Structure formats: structure tokens, C-alpha cells
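Engineer:
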Amino acid sequence: MKKLSFILATMLLAACGSEQSSAPAADENSGPKADMVLTNGNVLTVEEAMPNAEAVAIVGDRIAAVGSSAEIAAWIGDSTEVIDLAGQTAMPGFIEGHGHYTSYGDSFYRLELRYDSSWQKIVDKVARAAEGAEPGEWIVGRGWHQDKWTVKEDILVDGVPIHDKLSAVSPNNPVMLIHTSGHGVFANQAAMDAAGIKGDTVPPEGGEIVLKEDGTPSGMMREAAQDAIRASFAEFEALRTPEQAEAELRRAIITAGEESLKYGITSFQDLGTTYAEVDLLKKMADEGSIPVRLWMAFDIPYEELAIPGKLEEYRMVGYGNNFLTVRGIGEKVLDGALGTHGGWLLEPYTDMPESYGLNVVPVEDIRKSADLALEYGYQMAIQGIGDRATRELLDIYGAIKEANPDADLRWRIEHPQVIHPDDIPRFAKYGVIPAAQGIFACSDGTWVEDRLGKDRTLERSYLFNTLYEAGLTPTNGTDPPVDEIDPIASFKCSVTRELSDGTIFQGGEVYTRDVALYSYTMGNAIAAFEEDIKGSIKVGKLADIAILSQDITTVPDNALMDTTVNMTILGGKVVYTKE
240 MKKLSFILAT MLLAACGSEQ SSAPAADENS GPKADMVLTN GNVLTVEEAM
290 PNAEAVAIVG DRIAAVGSSA EIAAWIGDST EVIDLAGQTA MPGFIEGHGH
340 YTSYGDSFYR LELRYDSSWQ KIVDKVARAA EGAEPGEWIV GRGWHQDKWT
390 VKEDILVDGV PIHDKLSAVS PNNPVMLIHT SGHGVFANQA AMDAAGIKGD
440 TVPPEGGEIV LKEDGTPSGM MREAAQDAIR ASFAEFEALR TPEQAEAELR
490 RAIITAGEES LKYGITSFQD LGTTYAEVDL LKKMADEGSI PVRLWMAFDI
540 PYEELAIPGK LEEYRMVGYG NNFLTVRGIG EKVLDGALGT HGGWLLEPYT
590 DMPESYGLNV VPVEDIRKSA DLALEYGYQM AIQGIGDRAT RELLDIYGAI
640 KEANPDADLR WRIEHPQVIH PDDIPRFAKY GVIPAAQGIF ACSDGTWVED
690 RLGKDRTLER SYLFNTLYEA GLTPTNGTDP PVDEIDPIAS FKCSVTRELS
740 DGTIFQGGEV YTRDVALYSY TMGNAIAAFE EDIKGSIKVG KLADIAILSQ
790 DITTVPDNAL MDTTVNMTIL GGKVVYTKE
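Using the working numbering, you'd call the opening residue of the sequence shown number 240 and step up by one each time.
1. Apart from the five residues just before and just after E392, which ones in its own chain have a Cβ nearer than 6 Å to its Cβ?
2. A264 by DSSP, collapsed to three states: which one?
3. Is DSSP giving I765 helix, strand or coil here?
4. Measure how close the beta-carbons of T512 and F472 come, nearest whole angstrom, since I'm counting them as under 8 Å.
5. For Y553, count the other beta carbons within 10 Å of its own beta carbon; 16 or more makes it buried, fewer makes it exposed. Which is it?
6. How should D610 be labelled, buried or exposed, when 16 other C-beta atoms within 10 angstroms of its C-beta is the threshold for buried?
7. Heavy atom of the ligand ZN less than 7 Å from the Cβ of C732, yes or no?
8. Roughly how far, in whole angstroms, is the beta-carbon of G716 from the beta-carbon of S729, given that I think they are within contact range, below 8 Å?
9. Look up N411 in the DSSP assignment and say whether it is helix, strand or coil.
10. Span of the alpha helix (DSSP H) holding P481?
11. Let me know if P410 comes out buried or exposed under the rule of 16 or more other beta-carbons within 10 Å of its beta-carbon.
12. Could you check where the alpha helix (DSSP H) with E698 kicks off and where it finishes?
13. Using the Cα positions of E376 and K364, report the straight-line distance between them to the nearest angstrom.
14. Using beta carbons (cut-off 8 Å, strictly below), is F666 in contact with chain D?
15. In the structure shown, what three-state DSSP assignment does D689 receive?
16. Expressed to the nearest angstrom, what Euclidean distance is found between the alpha-carbon atoms of I784 and A366?
17. As an exercise, report each continuous alpha helix (DSSP H) stretch of at least 4 residues that is fully enclosed by the stretch 551 to 623, in chain order.
18. Where does R665 fall in DSSP's three states?
19. Any idea if M330 is buried or exposed, counting beta-carbon neighbours within 10 angstroms, 16 or more meaning buried?
20. Between which two residues does the beta strand (DSSP E) harbouring P456 extend?
21. Where I448 and A467 are concerned, what is the direct C-alpha to C-alpha distance, given to the nearest angstrom?
22. Give me the Cβ distance between R649 and Q622, rounded to the nearest whole Å; I'm assuming they're in contact under 8 Å.
23. Which first and last residues belong to the beta strand (DSSP E) in which W650 is found?
24. Would the beta-carbon of V396 fall within 8 Å of that of K451?
25. Enumerate, from N- to C-terminal direction, the unbroken beta strand (DSSP E) stretches of 3 or more residues contained entirely within the stretch 744 to 793.
26. Taking Cβ to Cβ, would you say G581 is nearer than 8 Å to G575?
27. Look at the alpha carbon of K387 and the alpha carbon of D432, and state the distance between them as a whole number of angstroms.
28. Are I624 and V600 closer than 8 Å when you measure CB to CB?
29. Do the stretch 487 to 497 and the stretch 330 to 344 touch if we need at least three Cβ pairs shorter than 8 Å?
30. Considering only C-alpha positions, which residue in the set M523, M460 and Y340 is nearest to T579?
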């Protein structure tokens, strides 16, 4: 707890005041009255000065007082909405620290592939979709991962099937099946034909078209090679009217928010927006129709970022009553995913010794984007999964930090999953935030050693607590739709590292319960420059609160997943109640 106290003291209390305010003892007939009061609860404030309380008073969209039930009773008036927690746990609303907001919402309208145990089950699912599709209509699915299949195909190339079965059941419909990581797609023959991909097609820099023994494409497109398939799908979607396109994007935005609220998530950090998406989000913010608070980072090429006036025009902080902030650059990714052998490593993959992974976006483009970020006040938030990618990013970030030592940049490295020990001190030296996802240690843990070997896995992989012990701000999330959005599952993995088979992955890297709670609240708030208004239950902060069925900081490990979110409060209004 020593380092957590240090972070709280230096980064939160110095900015927001050294003491947690509580309700004054007052006569019930005097003093201000609240719009809402939560009482008789177990309130986890994530505030060092007063970590626990019983009740909270809310006025408008802000927290007005925190204290005992007796103290807060003075805030109850004739029009106050009183919610008796009856011992339930109230905590700051979860902040999803890294996800893909509209992709998550859109995923509910695509084929769900995360739970299929074999390639054949996926083929069968596509066959059923093709039966009901018009000729030429694209079929899109997401979530498959070859290492999670219990049944393997007889014919595999680089551990992935070939397209023959898939193409046979969908001859008249292009099919794009997105890997769970988002760093590769599997295409059928119709999709490859639409994209003009053949055996002699030269893949783009940072991508790989996997070939069969006969030299023809297997269907697997790694990293930048998937762009041609996605572009062809985009051409199909471009046939929609502007009204249809906006309606579908609105549907994704609303669905993603509604699903987030079910899990007690009141803020979502999106790593991958566009100018067009922000245009609609700004319009919806003016309408008051964005369901959760959003922090957005652009995922567009450097050339588009560099259009004169664009970054200045689109930067906004707390727009629409703190529902929309745009201040990040997550331009593509520096490297790919570990699961698809795309993470950029210092040494070759153990199970693919001819490969070091892929540098997806040129390092020079990242460097030029960093200059733009500094100029226009954006955070860099670039993926660096492999240890080579992390080193390259630290070189870029470090050079700018050294040239601007007084700048509070809070630049981020997303998915810091493989880090050389020599680079860990550099995170602290340059004030870089490791934007980690606790759940990945458990969803990836069964196959990481295959990729890296035993020694490298132990030394370099998923070192989240080591990063915290080095004095870095802990963060958390699930990267939806890559993994389930459930913060309780990521919390559990963060504090247990228990895999589905009961084994423990990198057990020395578990968080304490308090650090895990902090990572999903204040840690993520700090990572977005939002610690003054989010991340803890404190007077003056936004009244974004999750009500849980039990205290996740004290229940036994094996009872954590029994926790339910019974209510979500956003800006002082109940926006979700468990039926």
C-alpha cells in the first residue's frame, strides 16, 4: 500500500485537496438538501483521507457530501430521492481504460465467434448466415482465436486453417472473420476476390498474406494485410445512404453504452476514433444522448492527423457536460498482437523462429505524430505489445520528454505485455503510463509460453505489478470487444492470475485488492487527465457510482465472480437497475 498511498497523495490529494469533505452535523430542517442520497451502505471512496463511508449526498450531477448515514440524513428533503443500499457496496463507477467503443457496439450485430471451440463450428455458423444472406452481401464475424480451439484442423498453416471449407459454404458472399485481437482477419475466396488478393499479391509493409503450400492465399491476413479486406468491406458499406450509415453508427454508440452501464462502467476510453465518428458524437453530446462518458483517441494515419487545423478543431475536453473528450492519438498501432505472432519482439518467437513479429506503422510516422501531439496538446496512446515495440516507443516518448522536462504529458503505451527488464525504469523516468488490461493475463496465459518460451515469459510478460512497484500508475480494462467487458472478471484476474484450468499465470504479478480497485477507478482517471472529476467518491466530483452486491475488496477469491452490479448511477441519475 505504500506506493498506492504515494500515488494518491501526490497525484490526487495535491490536486483536489488533502482531506475528504464529509457532511456537517446539521438539523434536519436546516442546510442544503440533496437531489439524491445513498444511505446505509458500504461506500468505497478510493480516497486515502476517508477510504470508507456509509452514505453519499448528490446535488445535480456532483457529489455534495460523504459521511455516515446519520450525517447525510441532514441532506434529505421532501424532494430527495433516497436509495437505501441495505449494506450493498457503492464505489466509483468503473472506467474502461482501453476499448473500441463503436466496434464494441457493432459487435452485437455481427457473428459472435469467441466461444466456438473449433474451426468447424465457425464454418457451420457462417453457413447458416449465408443461407439467409443476399448474394454479394458481406458476412462479418469477430472473436475467433486458434489457441482456444479444442479441436484442431488437419490442414494448418502457421497454426491457422485454410479457407477451403469456409469458401465452400459461402461461395456467393464475401466473409471477413476478425481475430479476437483485431490484428488479423480470415477471409473466404469471395472476399479475397473482392479485394484483389492473389498468390502473387505483394503484402503491404507491416502485413503478411499467409500462403498455402501451393502458393495461394490461405485466407489469413495478418496486421496491415487485412486492410485490403477491410477496405473492400468498407466499399460495400459505402453503398448505404448517409441516413442508413448514421443510423447504424448511432445504434452502435447506444448499444455500447447500454451494455457498459450494465457492468457499472460509467466512462469508456476509446482507442480508435475518426473525424467522422467525432462529428456524430459531438452532435449526440449536444442532444444529450451519449450513454456514457467518452475519452477518445484518433486511429487515423499521420497524413490525416497533419491536415492543417484538424487536431486543433477536434480537440475538446469535457464537452457536452463532461460526456465527450477528444485528446488522444492512438494512430493505428506500432506492432501487432502476440496471439497472431504480430507483436514486435527483440528476439524471435519460440513457436515461429523465423519471425520477430511485425512493425505495423512505420516508426517515423509515430515520431511525427508525437510532434503533432506535443504541439496540439494530445496524449500519445500507441500500442506496444512486444518488447521491441515498447523500446521504440520509449525512445520516441523519452526524447520529447527530455526536450520538455516540465510538460505533464502522461503519454501512454497500450497493452504493455512484453517488456525487457531494462526498459521498466524508463517508464518512470519519462512519466509514461502503461495502459494494461488485467484480463489479458488470464485470457492469454494458456499460450504465452508457446510464443515466448519459459524463461522469456517469466522475465518479461504481463509484468503489471512490477510496473506498479516501479511507481507507475496502475490501469485496467478489457479492450472490448477483444475480451468481455466485465470489470469484475478483469479485477479477479488482476488479483489472482488464475487461468480457466485452475493454474496460476505469473503469480508474482498479482495486484492487491486495493491496487486493483484503484486501477479501475483513479488509475484510469489519471491516465486521462480526469482525476479532478472522476475516479473516487469525493465532494465536488461527478456522481458516477456503481452499486455492487458485495465488497470486491474483501470477499474470497472464489466468490468474486458472484458479484453483480445492481445499479449504475451516472451524473446523479439512476441509469441502470438490475432486474
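Backbone N, C-alpha and C fix where the C-beta goes; we use that ideal spot for every residue, glycine too.
Treat the numbers as computed from the prediction; the structure is a model and nothing was measured.
Structural biologist: Taking the coordinates as given:
1. W358 and P400
2. The predicted model places A264 with a pLDDT of 44, which falls under 50 and marks its position as unreliable, so this point remains unresolved.
3. helix
4. Not a contact, Cβ separation roughly 19 Å.
5. buried
6. exposed
7. With respect to small molecules bound, the structure shown includes none, and the ligand ZN cannot be examined in it.
8. 7 Å
9. coil
10. P481 to K501
11. exposed
12. K693 to R699
13. 16 Å
14. No chain D is part of this structure, which consists of one protein chain only.
15. helix
16. 44 Å
17. 558 to 561 and 602 to 615
18. helix
19. buried
20. P456 to E462
21. 11 Å
22. About 17 Å; that fails the 8 Å criterion.
23. Note, W650: premise wrong, no beta strand (DSSP E); not H, not E.
24. yes
25. 784 to 787
26. yes
27. 29 Å
28. no
29. yes
30. M460
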